[in-house]
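Worksheet for the structure shown next.
Protein chains in written order, with the working numbering: chain H, 376 to 683; chain B, 3 to 243.
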């Protein structure tokens, strides 16, 4: 099932939490939803789950208008909300049984399905404990289990790895990637490496507006356009090297990073620059001892786009 | 219907797991029993094989205990945020409301069932008016149904349980008491209208064994209005509650 959002707007008082957003998420795509606090990520997700209504705009899920078919469509949505609210006075297994029943899973399939969820999320030893007695990481697993128990075609995860330890984070990311093979996943997070590790596509949202949309690769290409090479050249005078490199056609700027070790940061506009630097060194009998491409970080792109 | 029952079952087990159910049942039986059998105008003082004294005590005990049961139903879920988890599942607002409503009503009915031994005892003591007893219980259940729906509404307008409890009592007080007092000082059509809004008027005629469609319509209207307003108030949610 795909998700099509058209001109979505949601206001709280005078403030626009979501401002005329349009986007399409294809079936089987994992979309990373990035943005600073209060950017409108959670609001957008809550509208897709039909927990709250939009003021303007339309949401289509699998070609059906959400507001007309929400009861039917909700069966295909799994949602893990930001603070992971759960019934703390219920034992894990009872809670999962309740979720399975309420999602309309056939009675005969419920025990298998619950056992499957407990296995996937590694809750075997905790299944008879009350949810309130579990640590935050385990509660997060219960939250994930209740979101996927009915095998939804659409999965909305609002900061799914918050509160988990690094091992659990790796597991959950792996799980999300596996689920993402056949499901449509929207994942919101502040953690940028997470997006790179799990998502096919990144959407950056700021003040309720989409400010960037593409793969991590394409976002890097869009932003400022310049890659940085860290280069160390020996057996030459720093000033002379500096001037020669600066004279190259594909170099936009050179910084002398460390005079003692002849280190340079080269901002380049062309992929050819590595060859040119190499040839330059050969011609002048300099020794090129280090050349490291330094990618623009997603953090920098994020900051560029969301700082006002 | 199935979904409503699933939600009601969860609410009921939550009532019993949190001991609220036991406390309420024990308190209800304790208070009602004390004034029915031991103190005040109890059965031995009136000397009649009738449950009238129990019905008039339960009229007050239920009035106070029902808001204590209903206060957490929605307010707590709003406070902890679980309402979001619940409503994003394959349920409608109405199913959630009705599920919680019936769970409370079932609990009250269970509490009332525990008073059946009293009926049996009294029937052994003298000639009991069976029709009257059935009507009396019906009146208690109808009144409970009305107050539960008011309590559910009070719980839906806030995320604070104390506020929900007090609002339910405040709204209930008008029906329970204030309308009758106001109507007592008034004459004419307006007086009649206000008087007919009072629960007591309808409760008394029912518990005396007179089944009038007016009374049924009255309780039905309060139940419907309470549940309807609960649904309206639930639908006015935003991302932060």
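All C-beta atoms, glycine included, are put in the ideal place defined by N, C-alpha and C.
This structure is a prediction, so every number in the text was calculated from the model and none was measured.
Proximal residues of chain B, C-beta to C-beta of residue i below 8 Å
i, result
"residue 474(H)", "91"
"residue 439(H)", "Within 8 Å Cβ-Cβ: nothing; residue 439(H) doesn't reach chain B, min ~15 Å."
Supposed contact pair residue j and residue i - C-beta distance, whole angstroms, cut 8 Å
i, j, result
"residue 131(B)", "residue 211(B)", "7 Å"
"residue 405(H)", "residue 452(H)", "Wrong, their Cβ atoms sit about 15 Å apart, outside the cutoff."
"residue 456(H)", "residue 86(B)", "5 Å"
"residue 688(H)", "residue 84(B)", "Only positions 376 to 683 of chain H appear in the structure, and residue 688(H) is not among them; the question remains open."
"residue 580(H)", "residue 410(H)", "4 Å"
"residue 657(H)", "residue 626(H)", "Actually they are not in contact, since the Cβ atoms of residue 657(H) and residue 626(H) sit about 17 Å apart, beyond 8 Å."
"residue 505(H)", "residue 463(H)", "7 Å"
"residue 533(H)", "residue 563(H)", "5 Å"
"residue 105(B)", "residue 221(B)", "In fact, because the Cβ distance is near 19 Å, the residues do not count as touching under 8 Å."
"residue 118(B)", "residue 51(B)", "At roughly 16 Å, the Cβ-Cβ gap does not stay under 8 Å, so residue 118(B) and residue 51(B) are not in contact."
"residue 69(B)", "residue 171(B)", "5 Å"
Own chain residues within Cβ distance below 6 Å of residue i, not counting five before or after
i, result
"residue 661(H)", "608, 610 and 611"
"residue 379(H)", "399 and 435"
"residue 199(B)", "181"
"residue 228(B)", "151, 152 and 155"
"residue 173(B)", "152"
"residue 560(H)", "405 and 530"
"residue 584(H)", "394"
"residue 63(B)", "30, 33 and 34"
"residue 67(B)", "26 and 30"
"residue 239(B)", "none"
"residue 235(B)", "158 and 159"
"residue 133(B)", "211"
Contacts of residue i in chain B (Cβ-Cβ under 7 Å)
i, result
"residue 479(H)", "92"
"residue 426(H)", "86, 89 and 90"
Close-in-space but distant-in-sequence residues of the same chain around residue i (CB under 7 Å, 5 per side omitted)
i, result
"residue 116(B)", "27 and 31"
"residue 685(H)", "Here chain H has residues from 376 to 683 only, and residue 685(H) is not among them."
"residue 166(B)", "73, 77, 156, 157 and 160"
"residue 140(B)", "208"
"residue 512(H)", "538, 539, 540 and 543"
"residue 138(B)", "53, 57 and 209"
"residue 163(B)", "73, 74, 77 and 78"
"residue 243(B)", "No answer about residue 243(B) holds up, because its pLDDT of 42 lies below 50 and its placement is not dependable."
"residue 218(B)", "none"
"residue 237(B)", "95"
"residue 60(B)", "34 and 142"
"residue 518(H)", "455, 459 and 461"
Contacts of residue i in chain H (Cβ-Cβ under 8 Å)
i, result
"residue 1(B)", "Past the boundaries of the shown model lies residue 1(B); chain B is included only from 3 to 243, so the question cannot be answered."
"residue 44(B)", "The premise fails here: residue 44(B) is roughly 39 Å from chain H at the closest Cβ pair, so nothing lies under 8 Å."
"residue 2(B)", "Since the first and last residues shown for chain B are 3 and 243, residue 2(B) lies out of range."
Chain-ordered chain B contacts of residue i [CB-CB under 9 Å]
i, result
"residue 456(H)", "83, 86, 87 and 90"
"residue 446(H)", "92, 93 and 94"
"residue 450(H)", "91 and 92"
Proximal residues to residue i (C-beta, below 8 Å), its chain only, five neighbours per side dropped
i, result
"residue 241(B)", "Only weak support exists for where residue 241(B) lies, its pLDDT of 49 falling under 50; the coordinates are left without a value."
"residue 632(H)", "605, 638, 639 and 640"
"residue 636(H)", "607"
"residue 24(B)", "18"
"residue 389(H)", "none"
"residue 479(H)", "450 and 525"
Partner residues on chain H for residue i, Cβ-Cβ distance less than 9 Å
i, result
"residue 8(B)", "473, 476 and 477"
"residue 1(B)", "In this structure chain B extends from 3 to 243, so residue 1(B) is not present and cannot be described."
"residue 160(B)", "Under the 9 Å cutoff, chain H gives no residues; its nearest Cβ is about 17 Å from residue 160(B)."
"residue 5(B)", "476, 477 and 479"
Chain H residues whose Cβ lies nearer than 7 Å to that of residue i
i, result
"residue 12(B)", "473"
>> In chain order, what are the residue ranges of uninterrupted alpha helix (DSSP H) at least 4 long that sit wholly in the stretch 128-187 of chain B?
In response: Segments of the alpha helix (DSSP H) lying fully in the stretch 128-187 of chain B: 132-158, 163-175 and 181-186.
> Is the stretch 387-398 of chain H touching the stretch 204-214 of chain B in the sense that three or more CB pairs, one from each, lie closer than 8 Å?
Replying inline: Fewer than three beta-carbon pairs drawn from the stretch 204-214 of chain B and the stretch 387-398 of chain H are found closer than 8 Å, and the two stretches are therefore not classed as touching.
> Hey, is the stretch 420-434 of chain H in contact with the stretch 612-632 of chain H, meaning 3+ C-beta pairs nearer than 8 Å?
Replying inline: No contact exists between the stretch 420-434 of chain H and the stretch 612-632 of chain H.
> Counting only runs that start and end within the stretch 551-587 of chain H, where is the beta strand (DSSP E) found for 3 or more residues in a row?
Replying inline: Residue ranges of uninterrupted beta strand (DSSP E) with 3 or more members, entirely inside the stretch 551-587 of chain H and ordered along the chain, are 559-564 and 576-581.
>> Please give me, in chain order, every unbroken run of the alpha helix (DSSP H) with length at least 4 that falls completely inside the stretch 398-443 of chain H.
In response: Counting only runs of 4 or more, we get 416-423.
> Do the stretch 97-114 of chain B and the stretch 6-18 of chain B meet, that is, are 3 or more Cβ pairs less than 8 Å apart?
Replying inline: Contact holds: three or more Cβ-Cβ distances are below 8 Å.
> For the stretch 69-104 of chain B, which segments carrying the alpha helix (DSSP H) assignment without a break, of at least 4 residues, lie completely within its bounds, in sequence order?
Replying inline: Given a length threshold of 4 residues, each whole run of the alpha helix (DSSP H) inside the stretch 69-104 of chain B is given here in chain order: 84-89.
>> Check whether the stretch 562-573 of chain H and the stretch 381-392 of chain H touch, using three or more Cβ-Cβ pairs below 8 Å as the test.
In response: Taking a cut-off of 8 Å for Cβ pairs, the stretch 562-573 of chain H and the stretch 381-392 of chain H do not touch, as fewer than three such pairs fall below it.
> Does the count of Cβ pairs from the stretch 60-74 of chain B and the stretch 651-668 of chain H closer than 8 Å reach three?
Replying inline: No: the two stretches stay apart, fewer than three of their Cβ pairs being nearer than 8 Å.
>> Pairs of beta-carbons, one from the stretch 463-477 of chain H and one from the stretch 407-420 of chain H, closer than 8 Å: are there three or more?
In response: Judged by Cβ distances under 8 Å, the stretch 463-477 of chain H makes no contact with the stretch 407-420 of chain H, as fewer than three pairs qualify.
> Within the chosen definition, does the stretch 174-186 of chain B reach the stretch 106-121 of chain B through at least 3 CB pairs nearer than 8 Å?
Replying inline: The stretch 174-186 of chain B, when compared against the stretch 106-121 of chain B, does not touch it at the 8 Å Cβ threshold.
> Which residue spans inside the stretch 601-648 of chain H form an unbroken beta strand (DSSP E) run of at least 3?
Replying inline: Taking only runs of at least 3 residues, the beta strand (DSSP E) segments lying wholly in the stretch 601-648 of chain H are 602-609, 626-633 and 638-643.
> Which runs of the alpha helix (DSSP H) spanning at least 4 residues fall entirely within the stretch 519-549 of chain H, listed in chain order?
Replying inline: None, since the stretch 519-549 of chain H contains no complete alpha helix (DSSP H) of that length.
>> What ranges does the alpha helix (DSSP H) occupy inside the stretch 645-669 of chain H, keeping only unbroken runs of at least 4 residues that lie completely in it?
In response: Correct list: 648-659.
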